[in-house]
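Asks: Start counting the sequence shown at 1; every next residue gets the next number (the numbering used here). Every residue gets a Cβ at the ideal spot worked out from N, C-alpha and C, and that includes glycine. Because the structure is a prediction, the values reported are computed rather than measured.
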Amino acid sequence: SLDLLGDAWRFRPTHVFAPEFNAVVRSAPALWILRRFGVRVVLRLGNAPESGPFYQRLWRYVVDPCIDHYAPNSRFIEQELLAHGISATKSRVVYNTVPRRVHGWQPHRPVPGRILFVGQIIPPKGVDILLDAVAELRRRNLDVSVDVVGDIEGWEHPAYSGYRARVRARADQPDLAGCVHFLGLREDVPALMATAAVHCLPSRPE
Numbered sequence: 001s002l003d004l005l006g007d008a009w010r011f012r013p014t015h016v017f018a019p020e021f022n023a024v025v026r027s028a029p030a031l032w033i034l035r036r037f038g039v040r041v042v043l044r045l046g047n048a049p050e051s052g053p054f055y056q057r058l059w060r061y062v063v064d065p066c067i068d069h070y071a072p073n074s075r076f077i078e079q080e081l082l083a084h085g086i087s088a089t090k091s092r093v094v095y096n097t098v099p100r101r102v103h104g105w106q107p108h109r110p111v112p113g114r115i116l117f118v119g120q121i122i123p124p125k126g127v128d129i130l131l132d133a134v135a136e137l138r139r140r141n142l143d144v145s146v147d148v149v150g151d152i153e154g155w156e157h158p159a160y161s162g163y164r165a166r167v168r169a170r171a172d173q174p175d176l177a178g179c180v181h182f183l184g185l186r187e188d189v190p191a192l193m194a195t196a197a198v199h200c201l202p203s204r205p206e
């Protein structure tokens, strides 16, 4: 909260954008104060609020007093938000947009055994689980490989520090040697999907 108030003093914002629920909980005192000075606070919701009496009270009495506008990215998430006692007048659904890419989805024959992962390389996305699964398939004498599409070199959130290094180390183990390819950030995702036999998204429950 002190950091946020310091930034607000320097930049004098008209609005503050909160990318997710935890950011509001961490900075609730500052957001409450900023609202009293006319700064509008917008919260993006990419996931539905947790259910249960505790979370209903948390959203109603801690989160909601800090927020002017909610931007859920689906009708379902909005319905769950309103079920926590949030006024419908403060919510507006803003759908995620499909990126415009110059690469078309051309018909290709999938390569047998090629598995594709596309996403963030963070613990909730379960890349480590995927690598363990590929190793199990190879132990069963199945000729499989995996292409991992996602940022493997850039900035890493402190909460996930070291995860990418552990994923790389797992890929270098003898049971996976030579069959895991880290492709980094790519724009030709449709073409990569077209040549994959399986697209796997092994997200783990948070």
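Taking only three categories from DSSP, how would you classify P174?
Replies: coil
Asks: Which residue wins for smallest C-alpha separation from D64, given the options A191, F21 and A8?
Replies: F21
Asks: Are the Cβ atoms of D147 and L183 separated by less than 8 angstroms?
Replies: yes
Asks: Provide the residue(s) that pair with H181 in DSSP beta bridges, ordered along the chain.
Replies: D147
Asks: If we call anything under 8 angstroms between Cβ atoms a contact, is C179 one with V134?
Replies: yes
Asks: Kindly give me the distance between the Cβ atoms of L34 and A8, rounded to whole angstroms, as I take these residues to be in contact under 8 angstroms.
Replies: 6 angstroms
Asks: In the DSSP assignment, find the unbroken alpha helix (DSSP H) run with L142 in it and report its ends.
Replies: Neither: L142 is in no alpha helix (DSSP H) and is coded neither H nor E.
Asks: Would you call the stretch 158–173 and the stretch 121–129 touching, i.e. three or more CB-CB distances under 8 angstroms?
Replies: yes
Asks: Considering just the uninterrupted stretch of the alpha helix (DSSP H) at V30, what are its terminal residues?
Replies: Reading off the sequence shown, one finds Ala at residue 30, where the question assumed Val. Annotation for A30: the continuous alpha helix (DSSP H) segment containing it runs A28 to R36.
Asks: By Cβ distance below 8 angstroms, which residues in the same chain neighbour I67 in space, the five residues on each side in sequence not counted?
Replies: A18, V24, L31, V41, V42, L43 and K90
Asks: Between which residues of its own chain and R75 is the CB-CB distance below 8 angstroms, once the five residues before and five after are set aside?
Replies: V93
Asks: Any idea what DSSP makes of V98, helix, strand or coil?
Replies: coil
Asks: So, helix, strand or coil for G113, using DSSP?
Replies: Look at G113 here: in three-state DSSP terms it is strand.
Asks: When you compare each of D143, P13 and A197 to I115 by their alpha carbons, which one comes out closest?
Replies: A197
Asks: I'd like to confirm the pairing. Which residues does DSSP put opposite L5 in its beta bridges?
Replies: Per DSSP, none; premise fails for L5.
Asks: Would you call the CB atoms of V118 and V189 closer than 8 angstroms?
Replies: The answer is yes: Cβ separation under 8 angstroms.
Asks: For R36, which option in T14, H199 and P53 has the closest C-alpha, if you only look at C-alpha atoms?
Replies: T14
Asks: Starting from P49, trace the alpha helix (DSSP H) both ways and give me its first and last residue.
Replies: No alpha helix (DSSP H) holds P49; DSSP gives it neither H nor E.
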